[in-house]
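Down below is the structure, laid out as structure tokens.
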Amino acid sequence: MTTDSRTAPVTYDTTTATPIADTSDATTTANPTGPISIPPGGSPRLDIAQVSEALLGKWADARLEARERAARPELHRPVDVTVAEHRERVFEQLQLLAAEDISRRMLPEHLGGPHDNGGNVASFEELVVADPSLQIKAGVQWGLYTSAIIQLGSEEQQHAWVPDAMDLTTPGAFAMTEIGHGSDVQSLATTATFDPAGGTDGEWVIHTPFRAAWKDFLGNAAIHAKAATVFARLITNGVDHGVHCFYVPVRDAKGELLPGVSSEDDGEKGGLNGIDNGRLAFDQVRIPRTNLLNRYGDVAPDGTYTSPIESPGRRFFTMLGTLVQGRVSLDGSAIRASQLALHIAITYATERRQFSAADPTQETVLMDYQAHLHRLLPKLAETYAGAFAHEQLLQAFDDVFSGRADDPESREDLETLAAALKPTSTRLALDTVQECREACGGAGFMAENQLVGLHQDLDVYATFEGDNTVLLQLVAKRLLSDYTSELSSVDRAGIGRFIAQRAEVLAKRHTPWARLGQSVADRGNARRAFDSMRQSEFQEELLADRARIKVEEVALALRGAAKMSPADAASEVNKHQVEMLDAARAHADLVRWRAFTRGIEALTDEGSRAVLTDVRDLFGLTAINDDLAWFLLSGMISTQRGRQIDHDLRRLLWRLRPHVLDLVAAFDVRPGHVRAPIALGGEQERQDEAAVYFRAQRASKSAPVSEKVLRDRAKKAKRAKQGAGPRGSGAR
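Residue numbers for the sequence shown follow our numbering, beginning at 4 and rising by one.
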């Protein structure tokens with residue numbers, strides 16, 4: 004493949020990944036999406052339209068409609084405004100969205116909606132490229148506050164409160180988090196005590212007993228909320244039935260706090276300053292008995308508690324499970340934000356030139372530097388993996404919430420998948436945006452180019468809707484539970500087979516035979532090793548074995564905890580917390596690799612499958628390389644192949660170099676989403692202007708001569724003179 008006249012004069016061999024001599028001619032066809040020519044000889048080329056369609060997924064229509072909306076200037080994140088101005092702008096934008104009824108998709112049929120939960124979340128995720136503050140403000144209003152009423156309330160309660168929530172007659176807050184028990188919802192301290200003598204048929208008394216029980220970090224709470232869905236401990240007849248959700252008015256029609264309700268403004272934050280986050284507290288606030296959202300628990304006028312779920316623990320997790328859509332939507336939003344950042348940085352890197360190389364008249368484009376490929380392309384590969392995995396998560400979410408697959412096992416699977424993907428995608432987004440910012444140099448630090456503000460706003464995505472570390476612990480506990488359950492269901496004969504299998508696996512891991520077999524198979528041939536590691540079966544086996552063995556090692560380490568006291572068992576688990584988190588991350592890598600592979604298999608265009616297979620291999624081999632010490636110490640991979648991986652990754656970078664703009668074009672990030680001058684032609688205009696100037700200067704006879712050129716000429720003349728020597732000095 005060869006560069007054309009608009010790019011750095013570098014040509015790469017697709018097999019060896021080394022620069023070769025330029026053999027292009029004037030008939031070379033230019034790649035319309037990038038500076039490098041189409042690879043010759045019928046080499047693979049990405050079908051942008053087909054890949055883009057695959058990334059859009061099942062709810063393509065909802066996404067396309069939302070992308071048109073997100074490109075509208077009146078919905079964009081403002082630059083250089085005060086916190087107060089940003090808040091008012093976002094509230095006005097939210098009113099525009101309410102007038103367009105954008106969240107109607109989520110409503111069940113009896114409320115006049117299509118009950119399209121997948122389409123609703125897909126649409127919501129696209130708002131992140133307009134303004135993350137607007138997205139999260141909308142998420143608080145409709146994805147949390149309104150959704151809590153729909154998912155936890157009766158039809159009568161839904162008819163009473165949902166219409167006003169949808170049209171913003173009643174802006175709301177989702178009052179779960181307490182400053183003293185952020186992620187530990189089960190230990191919340193706010194109480195809701197039933198008084199059968201209150202009102203006409205009993206009242207709830209909502210109370211905040213101490214400062215650490217204040218509800219905090221709540222969107223809408225500081226200014227706009229007129230009601231809140233408040234999570235509190237339900238106490239009736241002297242019995243604490245655990246955390247339930249209550250509908251509590253907090254402000255009157257004029258925006259004044261109601262009696263007994265206190266509020267404080269959280270003030271300026273590290274990002275998302277278009278949202279009026281604040282605190283709420285309740286001092287013996289009374290609400291009607293019927294304000295308990297009673298789908299999973301109810302109290303009669305005499306104070307008798309009933310629930311369709313007998314187990315308090317299962318009841319609690321069922322109630323929280325209905326709110327999993329927050330994690331689902333953050334996973335997709337983080338992937339979309341990564342796509343935006345990569346679009347900006349890679350577009351800029353294919354236009355920005357820096358430092359002279361082989362061509363004395365033209366500097367090298369940034370994307371032709373190996374270091375630049377190394378910092379951006381693995382993030383691109385992981386973003387593709389995350390996008391395909393998110394589509395599977397979204398379909399699982401829709402299956403459960405539509406009722407097609409709403410059973411305890413499906414809900415648990417959904418919660419585990421969301422808890423695995425949300426931490427990986429939000430961490431990826433933060434790392435990607437930061438890497439893209441640095442890759443754009445000083446230009447990336449300018450607010451007008453979006454990356455700095457995007458990083459600030461995405462920062463808290465790693466915390467809310469479940470702290471990432473806490474969520475990964477939930478994944479690890481589910482994996483350990485599944486492993487234990489699998490063993491407990493094995494009969495005596497099965498135990499014998501299991502022990503034999505374990506002995507075989509341990510022998511494979513802790514003796515050199517497997518590694519020796521790999522080395523013999525490769526026979527010192529780098530190409531053979533490269534081909535072996537690019538086989539999907541090889542990558543899947545390594546990633547699957549790593550995920551399984553890491554869970555198994557923790558399970559074996561904790562096998563004695565079941566016989567310990569609760570305190571000692573908790574201490575023992577805490578000793579292995581880091582290993583648990585590592586096992587959860589390994590599981591997430593496997594989930595994403597498999598989703599990526601299935602996405603490739605669904606494509607019909609061979610060129611797209613070939614290019615995306617390279618991208619998938621870049622993701623898979625990077626994951627293996629990042630944990631290479633474990634693979635080597637565990638005997639899973641030979642030293643020769645371990646050494647080879649880093650070289651093979653560099654080879655993949657060069658193979659993918661001609662396709663980078665095609666790959667980001669498939670993200671369908673539009674100019675109205677980009678809004679970064681460096682990625683909208685501004686840099687190319689500067690480069691073109693400079694090129695014209697220097698061409699004219701070189702053609703001009705009056706152009707100044709470089710001092711270095713003059714010195715080189717003088718040195719050359721001096722050497723020539725010395726070489727000639729005095730006349731007549733030859734041998735006699």
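All residues carry an ideal CB built from backbone N, CA and C; glycine is no exception.
Segment limits, beta strand (DSSP E) that includes residue i
| i | result |
| --- | --- |
| Ser359 | 356-359 |
| Gly175 | 175-178 |
| Arg236 | 230-239 |
C-beta atoms of residue i and residue j nearer than 8 Å
| i | j | result |
| --- | --- | --- |
| Arg289 | Gly201 | yes |
| Lys140 | Ile278 | yes |
| Glu354 | Phe622 | no |
| His227 | Pro174 | yes |
| Ala195 | Glu181 | no |
| Lys553 | Ala605 | no |
| Leu615 | Ile603 | yes |
| Thr1 | Ser535 | No information on residue 1 is available, as it lies outside the stretch 4 to 735 that the chain covers here. |
| Ala432 | Trp596 | no |
| Leu283 | Ala215 | no |
| Ala3 | Gly222 | No answer is possible for residue 3: the residues shown for the chain start at 4 and end at 735. |
| Leu483 | Ala374 | no |
| Gly300 | Arg317 | no |
| His118 | Ser405 | yes |
| Thr232 | Ala178 | yes |
| Val436 | Ala340 | yes |
Presumed contact (8 Å Cβ cut-off) between residue i and residue j, rounded CB distance
| i | j | result |
| --- | --- | --- |
| Ala479 | Ala591 | Not really, about 11 Å apart at Cβ, beyond 8 Å. |
| Phe285 | His210 | 6 Å |
| Leu545 | Ile640 | 7 Å |
| Gly335 | Pro199 | So it is not a contact: roughly 46 Å between Cβ atoms. |
| Ala73 | Glu129 | 5 Å |
Run of the alpha helix (DSSP H) containing residue i, from where it starts to where it stops
| i | result |
| --- | --- |
| Ile349 | 328-352 |
| Thr367 | From DSSP, Thr367 is part of no alpha helix (DSSP H) but of the beta strand (DSSP E) over 366-368. |
| Leu323 | 315-324 |
| Asp268 | No alpha helix (DSSP H) holds Asp268; the beta strand (DSSP E) holding it covers 264-268. |
| Val56 | Position check: residue 56 holds Glu in this sequence, whereas Val was assumed. Taken as a continuous stretch (DSSP letters only), the alpha helix (DSSP H) holding Glu56 covers 51-59. |
| Glu206 | It is not in any alpha helix (DSSP H) - Glu206 instead sits in the beta strand (DSSP E) that spans 206-210. |
| Trp657 | 642-659 |
| Ile226 | Taken as a continuous stretch (DSSP letters only), Ile226 belongs to no alpha helix (DSSP H), as it is neither H nor E. |
| His89 | 86-102 |
| Leu624 | 609-629 |
| Val132 | No alpha helix (DSSP H) holds Val132; DSSP gives it neither H nor E. |
Reduced DSSP category for residue i - H, G, I as helix; E, B as strand; rest coil
| i | result |
| --- | --- |
| Tyr250 | strand |
| Arg537 | coil |
| Thr196 | strand |
| Gly684 | coil |
| Val708 | coil |
| Leu171 | coil |
| Thr514 | Here the model assigns Thr514 a pLDDT of 46, short of 50, so the residue's position is not dependable, and the following value carries that caveat. Here Thr514 sits in coil by DSSP. |
| Thr386 | helix |
| Lys257 | coil |
| Phe220 | strand |
| Arg289 | strand |
| Gly273 | coil |
| Tyr372 | coil |
| His244 | strand |
| Thr487 | helix |
| His79 | coil |
| Asp410 | coil |
| His184 | strand |
| Thr309 | strand |
| Ala727 | helix |
Rounded C-alpha distance that separates residue i from residue j
| i | j | result |
| --- | --- | --- |
| Ser413 | Thr367 | 53 Å |
| Val131 | Leu137 | 8 Å |
| Leu100 | Gly146 | 14 Å |
| Asn665 | Ile51 | For the record, residue 665 in the displayed sequence is Asp; it is not Asn. Asp665 and Ile51: Cα-Cα distance of roughly 6 Å. |
| Arg646 | Leu631 | 10 Å |
| Gly324 | Phe249 | 17 Å |
| Ala723 | Lys711 | 18 Å |
| Asp462 | Gly273 | 8 Å |
| Gln453 | Ala706 | 40 Å |
| Arg716 | Ala694 | 26 Å |
| Leu369 | Ala352 | 5 Å |
| Phe541 | Arg644 | 12 Å |
Contact with chain B by residue i, beta-carbon distance below 8 Å
| i | result |
| --- | --- |
| His210 | Any reference to chain B falls outside this structure, which holds one protein chain only. |
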